[in-house]
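J.: Residue numbers (the working numbering): 45 to 503. Idealized CB from N, CA, C, for every residue including glycine. Structure provided below as structure tokens; questions to follow.
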Amino acid sequence: MDAPRRNDITAVEQAYLARTPGSAALARQARAVLPSGVVHDSRWIRPHGLYASRASGAHKWDVDGHRYIDYFGGHGALLLGHGHPEVVEAATRQMALGTHFAAGHEAEVRWAETVCRLLPSAERVRFHSSGTEATQMAVRLARAHTGRGKLLRFQAHYHGWQDDMTAGYASHFDGTAPIGVPEAVAARTPALDPYDEAAVERRLAEDRDIAAVIVEPLGAATGKVPLAPDFLRALRRWTAENGVVLIFDEVITGFRVDPGGVQAAVGVTPDLTTLAKIVAGGLPGGAVAGRAEILEGLDFEASERKGREKIYHPGTFNACPVSAVAGTRALEIIERDGACARASALAADLRSRLNAVIAAEGLPWLVYGEASAFHLFLGDLQAAGGRAGFDPRRLGREGLQAQPPDLVRQLRLALNLEGVDIAGWPGGLVSAAHDEADLEETADAFAAAVGRLREQGTV
């Protein structure tokens, strides 16, 4: 899509276009060869997204030379920030030794041992190339283990883009199938409201074809629609009582909330856990970990011994040596240096600073979140209990997701003008590489961005 005409755009957009000619030029080139000019839906924004040239620590630079404090965080993969020297050294050394052996290698064994040491649920682990692949395998393992066919999910929880996970995530909350997905697939993967606990308990007790429940343990979008630990405990109890496999999708939260994931932080151990992002040190990679009895579905000897068909699982880049050494080193650093606690403390400080700006500006907004995540709520604050009594659960999924889309876009662009890049939730993730100077600069940038929005009449 071409940039809008000058008389159709706001002052913020005009300033953004003037500041980012290099990104604009690359966006025009990209549109000729890539659908909408992007390779990930969340990177699409009008008039165009940023094109980065390099990154280091908590910062990245665009092709026009502007520095940004980065809260996109590699879509959650970069708890240690960009280019942690120990991770870079490990990956660079491995590149010279070999990137693909088509054989087993020591690095994959060390990687698996590290995951199993840190993650409470991990008795065995199988590596993949992405989080989507990991969740797909977790569901297949659960179906094979139970002999059942259905997967129970929760509305707005993201588990990848495969057919089983699309209805009820961003659309089709009525259970119908999104375009390109057969209706029969949507019917076997119902998405319930996690705040209706009675309905969840009843469905698990009554539907004897449910093989597994999969959940983002912090809640949808890394806690944008949060879940209480008590719900996870209840879910653990209900699934155990009904012979259902409990899957925690810790693709983002794994090794971020705690070195042992949300499961370690709240003391609830699922049957299976899906991982990606941080597990591979910010490189491509994913994993499914869990009970040995369930992972035996992938085991040649166990399948032969039990006289059952083995689950087929190839994968050209499973446990790629470069990802394996980067992932192992990153997990060792996280375990050693208290990166999870540092990032969470910095995020709490940032949330406080941003809320102070909001209060000073008299805006009906609020910033909330858990661990190292932050979410900007620009919707109906009074319906959620007001600033003093804010409870996101009072709004439910619909209320929390009812963000004014153009306000979100204008705010993101205005923050880019001030040298800050956030995700489109709107919100972001804080890394252990951020520091107090970054937080202070971010708060100042936020105030300046609000000023830009006031000047053009957006707020």
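1) Going along the chain, which residues of its own chain have a beta-carbon closer than 8 Å to the beta-carbon of alanine 487, five neighbours each way excluded?
2) Are alanine 517 and glycine 267 touching if we call contact CB-CB under 9 Å?
3) So, at 8 Å on beta carbons, what are the nonlocal neighbours of glycine 287 in its own chain, with the 5 sequence-adjacent residues on each side left out?
4) Would a C-beta distance cut-off of 9 Å place proline 115 and valine 452 closer than the cut-off?
5) So, at 8 Å on beta carbons, what are the nonlocal neighbours of phenylalanine 145 in its own chain, with the 5 sequence-adjacent residues on each side left out?
6) Suppose the cutoff is 6 Å on Cβ atoms and the five residues either side in sequence are ignored; what does the same chain contact list for alanine 166 look like?
7) Which term fits arginine 49, buried or exposed, when burial requires 16 or more other beta carbons within 10 angstroms of its beta carbon?
8) If isoleucine 322 sits next to leucine 123, beta carbons under 8 Å apart, how far is it from one beta carbon to the other, in whole angstroms?
9) In the DSSP assignment, what are the bridge partners of histidine 172?
10) If you count every other CB in all the chains shown that lies within 10 Å of the CB of aspartate 46, and 16 or more means buried, which is it?
11) With distances taken Cα to Cα, identify the nearest neighbour of valine 107 among Gly93, Gly120, Val132, Ala242.
12) Tell me which same chain residues have a C-beta within less than 7 Å of the C-beta of glycine 117, skipping the five on either side of it?
13) Helix, strand or coil for alanine 47? Go by DSSP, reduced to three states.
14) Flag this pair as yes or no: are the beta carbons of alanine 102 and glycine 120 separated by less than 9 Å?
15) Check whether the segment 124-144 and the segment 316-331 touch, using three or more Cβ-Cβ pairs below 8 Å as the test.
16) Need the endpoints of the alpha helix (DSSP H) that arginine 300 sits in, please.
17) For leucine 390, collect the residues of the same chain with a Cβ closer than 6 Å to its Cβ; drop the 5 residues on either side in sequence, then sort them by chain order.
18) Checking 9 Å against the spacing of the C-beta atoms, do glutamine 447 and phenylalanine 418 come in under that value?
19) So who's on the other strand from phenylalanine 418, going by DSSP bridges?
20) Hey, quick one: how far does the alpha helix (DSSP H) through arginine 247 stretch, first residue to last?
21) Does DSSP put histidine 144 in a helix, in a strand, or in coil?
22) In the structure shown, what three-state DSSP assignment does serine 100 receive?
23) My output table needs one value for leucine 163: the three-state DSSP class, helix, strand or coil.
24) Between alanine 243 and alanine 230, how many whole angstroms is the CB-CB distance? I'm expecting something under 8 Å.
25) In chain order, which alpha helix (DSSP H) runs of at least 4 residues are fully inside the segment 46-131?
26) So threonine 372 and arginine 154 are in contact, right, with Cβ under 8 Å, and what is the actual spacing, rounded?
27) Exposed or buried, leucine 141, counting other C-beta atoms within 10 Å across all chains shown (16 or more means buried)?
28) Going residue by residue through the segment 441-502, where are the continuous beta strand (DSSP E) segments of at least 3 residues, counting only ones entirely within it?
29) I'd like to check one pair, lysine 194 with alanine 255: are the Cβ atoms closer than 9 Å?
30) Helix, strand or coil for alanine 320? Go by DSSP, reduced to three states.
31) For serine 86, count the other beta carbons within 10 Å of its own beta carbon; 16 or more makes it buried, fewer makes it exposed. Which is it?
32) Considering just the uninterrupted stretch of the alpha helix (DSSP H) at alanine 389, what are its terminal residues?
33) Between arginine 386 and the rest of its own chain, which residues show a CB-CB distance below 7 Å, the 5 nearest in sequence each way excluded?
34) Using a Cβ-Cβ cut-off of 6 Å (strictly less than) and excluding sequence neighbours within five positions of glutamate 227, which residues of its own chain qualify?
35) Pull up the distance between the alpha-carbon of leucine 271 and that of phenylalanine 198, whole angstroms please.
36) For the beta strand (DSSP E) that isoleucine 254 lies in, which residues bound it at each end?
T.: In short:
1) Leu394, Arg397, Leu398, Ala400, Val401
2) Because the chain here runs from 45 to 503, residue 517 falls outside it and cannot be looked at.
3) Thr190
4) In the sequence under discussion, the amino acid at residue 115 is tyrosine, which differs from the proline named in the question. No, these two residues do not count as a Cβ contact at 9 Å.
5) Pro365
6) Val159, Cys160, Ala333
7) Here arginine 49 scores only 45 on pLDDT, less than 50, and its place in the model should not be relied on; the value that follows carries that caveat. Under this definition arginine 49 is an exposed residue.
8) 5 Å
9) Gly330
10) In this prediction, aspartate 46 scores a pLDDT of 46, lower than 50, which makes its location untrustworthy; the coordinate-derived value is nonetheless stated afterwards. Under this definition aspartate 46 is an exposed residue.
11) Gly93
12) Gly472, Leu473, Ser475
13) With a pLDDT of 45 at alanine 47, under the threshold of 50, the predicted position of this residue should be treated as unreliable, though the coordinate-derived value follows. If DSSP states are grouped into helix, strand and coil, alanine 47 belongs with coil.
14) no
15) yes
16) Looking at the DSSP string, arginine 300 is not in any alpha helix (DSSP H), and its letter there is neither H nor E.
17) Val474, His478
18) no
19) Gly472
20) 241-250
21) coil
22) strand
23) coil
24) No, alanine 243 and alanine 230 are not in contact; Cβ-Cβ is about 18 Å, not under 8 Å.
25) 55-63, 65-75, 117-120
26) 5 Å
27) exposed
28) 471-473
29) yes
30) strand
31) exposed
32) 383-405
33) Ala476
34) Ala221
35) 11 Å
36) 254-259
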